[in-house]
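The C-terminal position of the sequence shown is numbered 103 in full-length UniProt numbering, with every residue numbered one higher than the one before it. Glycine is no exception: its CB is placed at the ideal position from the N, C-alpha and C atoms. Single-structure report; data block below.
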Amino acid sequence: EAVREDGRALFHAAAAMRAEPEVVFEAVGNWGFALQYAAAALRADRAIVLAAVRQNGKALVHAADALKADRAVVLEALRQNGAAVMYAAAAFRADRGLVLEAL
């Protein structure tokens, strides 16, 4: 319940709660950086990471490497915050087309 009010509450949640997709989805929906407190498996969950980067593009820093290399995820992150490019996979950091598409 607390994570619905403030995603930062995930920091104080038990490990079992940090592994619950519904709980983490609620947390990242209102504070993208709550992704950093999610279980590793959920940092690799595309839907959860998309929700996080839509709220704060820089939350990409806490996503699993595979999702940092997912064009759609990176594009969403860049649309929210262009500075998120620094957390994308190397191939995307040099992809001028992707950056322009995000504008």
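If only uninterrupted alpha helix (DSSP H) runs of at least 4 residues are considered, those enclosed by the region 51–102 are 65–68, 71–80, 90–93 and 96–102.
Under a 10 Å Cβ-count criterion, L78 is classified as buried, with 16 or more other Cβ atoms of the shown protein chains found around its own Cβ. Here A102 has L75, L78, R79 and G82 as same chain residues with Cβ atoms under 8 Å from its own Cβ, once five neighbours each way along the sequence are excluded. No Cβ-Cβ contact shorter than 8 Å links L42 with A63. Distance from the CA atom of R46 to the CA atom of P21, rounded to whole angstroms, is 11 Å. By alpha-carbon distance to G29, the top candidate from A19, M17, R4 and A16 is R4. DSSP places A2 inside the alpha helix (DSSP H), whose first and last residues are A2 to E5.
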